[in-house]
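Here is the structure we will look at, set down as structure tokens.
There are 2 protein chains.
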Amino acid sequence: MERQTMVVLDMEGVLVPEIWIAVAERTGIEALRRTTRDEPDYDALMAHRLRLLAEHGLTMSLIAEVIKGLEPLPGAAEFLTELRSHRPVILLSDTFEQFASALAPKLGRPVILCHRLEIDEASDRITGYRLRMPDQKRAAVEAFRQLGYRVLAAGDSYNDTSMLLSADAGYLFHAPPNVVADFPQLGSFDEFDELLPRLLA
Amino acid sequence: MERQTMVVLDMEGVLVPEIWIAVAERTGIEALRRTTRDEPDYDALMAHRLRLLAEHGLTMSLIAEVIKGLEPLPGAAEFLTELRSHRPVILLSDTFEQFASALAPKLGRPVILCHRLEIDEASDRITGYRLRMPDQKRAAVEAFRQLGYRVLAAGDSYNDTSMLLSADAGYLFHAPPNVVADFPQLGSFDEFDELLPRLLA
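Same order as they appear, the protein sequences are chains A and B.
In terms of the numbering used here, the first sequence opens at residue 845 and continues consecutively.
In terms of the numbering used here, the second sequence opens at residue 845 and continues consecutively.
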């Protein structure tokens, strides 16, 4: 009898738009467009973002408002609902609880394992962030395998590749050309109709 | 800053009726009423159930039909929706994928980690079962703690107590008097309104 199977998915870029790009568009701060697709060093990327937020005086409330205006990518909600009717699905995201909670209802409240921002309530400013643990996506895949599951995974960025490579099967999805070129061993897809059968296999 | 928090819950007896009791009621086979609340040895319990199914010629289709007729316990769906709007929630159940999939839509498709039955498709009979791993509930709690989460847990039966005791805080819920008496160190509640604030603490 085949092993029981779980699916883990990245969220931003795969199911919803990149949050920081949406903030860049809303605020006109072009330098906020930089994402994990461009910058493999996550701490460097976050330091860059927090510096820009401080420089421009952007509040947590403004960012929350931008996130509330985001919608899942076309077809994403249907894809996720179909997948969840067959298998346990867990989203592994390097976003933050404060951002994820605004998006979760639009995706049918999936489980999202992520990090947490430090917010100064009085000034309504993001003062820092705390990664729950280093390389959490890979660690989660390894934990689920230890729990007896075959794990299938999909993601779009550099911060997904250790997860994709440690899964029983991992796929790039909506990945930019530089990520696809750097990981030729991973299958790469751009349409939910192509990805779904791989995750149900 | 406090640790990020997850919640793990047992399913049968906590959120939905005991499936095997429903099968007992539907079929009139009183001996199927025995559950993990009565019998701490899960393998002995399952051997007893499969023997009864075979003796009475009960098919997988009949059991699936009984399960499709079950509804969440009063208030359970609302409780779970509220809890999931605040925290990642994972159901840890010693039921089987073939049973859980019939109940999941009525609970908003939560993640359910469980086991799998062996079905002989030709005869439509349950021929056996495979536990994904021994003591899966405790192993999952330990895995989530290793992933950096504070874990809160609730369950009703003997097969929940290792999960409850390994969590950062564990609560008995809807537990029968014998379980409550055997685990006086665990808080015990019977109403969702009492349990919810503990799981949001």
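We put the CB at the ideal spot given by N, CA and C, even for glycine.
From the DSSP output, in three-state form, read off A/S967 for me. coil
Three-state secondary structure (DSSP) of A/D887: helix
Going straight from the alpha carbon of B/I956 to that of B/Q990, what length do you get? 20 Å
Using a Cβ-Cβ distance cut-off of 8 Å, determine whether B/S929 contacts chain A. yes
Do B/G972 and B/A894 count as a contact pair if the criterion is CB distance below 8 Å? Looking at the sequence shown, residue 894 of chain B is not Ala but Leu. Going by C-beta atoms, B/L894 is nearer than 8 Å to B/G972.
Less than 8 Å between CB atoms is the rule here; does B/P932 satisfy it with respect to chain A? yes
What number of angstroms, rounded off, separates the C-alpha of B/Q848 from the C-alpha of B/Y993? 5 Å
Near-chain B residues of the stretch 1022-1045 of chain A (beta-carbon distance less than 8 Å), N- to C-terminal order: none
Give the single residue among B/P932, B/A875, B/L936 and B/H1018 whose Cα lies nearest to the Cα of A/C958. B/P932
Short-range partners of chain D found in the stretch 967-988 of chain A, where Cβ spacing is below 7 Å: The structure shown has no chain D; the protein chains it does contain are A and B.
Specify the secondary structure class of B/Y1002 as computed by DSSP and reduced to three states. helix
Distance, B/L1008 Cα to B/A998 Cα: 7 Å
State the CB to CB distance for the pair B/P916 and B/L951, rounded to an integer number of angstroms; the pair is presumed to be in contact (CB under 8 Å). 6 Å
Quick check on A/K912: buried or exposed, where buried means 16 or more other Cβ atoms within 10 Å of its Cβ? exposed
What do you reckon, are the CB atoms on B/R881 and B/S1001 nearer than 8 Å? yes
Cα-Cα separation between B/V910 and A/I865, rounded to whole angstroms: 49 Å
At least three beta-carbon pairs within less than 8 Å, the stretch 1013-1031 of chain A to the stretch 1012-1020 of chain B: no
Is it true that the CB of B/A948 sits closer than 8 Å to the CB of B/P954? yes
Inter-stretch contact at 8 Å, needing at least 3 Cβ pairs: the stretch 933-941 of chain B / the stretch 849-865 of chain B: yes
Which listed residue (A/T903, A/D979 and A/Y1015) has its alpha carbon closest to that of A/D964: A/T903
Grab the span of the beta strand (DSSP E) containing A/L853 for me, first residue to last. T849 to L853
Report the rounded CA-to-CA distance for A/F988 versus B/Q980, giving the unit in angstroms. 11 Å
Report yes if the C-beta distance between B/L1030 and B/D1012 is below 8 Å; otherwise report no. no
In chain B, what lies closer than 8 Å to A/G992 by C-beta? R976, M977 and Q980
Can you give me, in chain order, the residues of the stretch 953-968 of chain A that have a beta carbon less than 7 Å from any beta carbon in chain B? R953, V955, I956, L957, R960 and E962
Proximity to B/M890 [Cα-Cα], best of B/E986, B/G872 and B/I863: B/I863
Using a C-beta to C-beta distance shorter than 8 Å, which residues of chain B count as neighbours of A/E941? Q848
Mark A/D1004 as exposed unless 16 or more other C-beta atoms lie within 10 angstroms of its C-beta, in which case mark it buried. buried
In the stretch 868-955 of chain A, which residue ranges form an unbroken beta strand (DSSP E) of at least 3 residues, counting only runs that do not cross its ends? 933-940
Going by Cα to Cα distance, which pick from B/S929, B/S1010 and B/A898 is closest to B/V985? B/S1010
Distance, B/E1035 Cα to B/R1042 Cα: 12 Å
Excluding the 5 residues flanking B/A868 on each side, which residues of the same chain have their C-beta closer than 7 Å to its C-beta? E874, L876 and R877
Buried or exposed, going by whether 16 or more other CB atoms sit within 10 Å of the CB of A/L1044? exposed
Going straight from the alpha carbon of B/L975 to that of A/A898, what length do you get? 52 Å
Grab me the residues of A/R969's own chain with a C-beta within less than 7 Å of its C-beta, minus the 5 sequence neighbours each way, in chain order. T903 and M904
According to the Cβ coordinates, are A/L914 and A/Q942 closer than 8 Å? no
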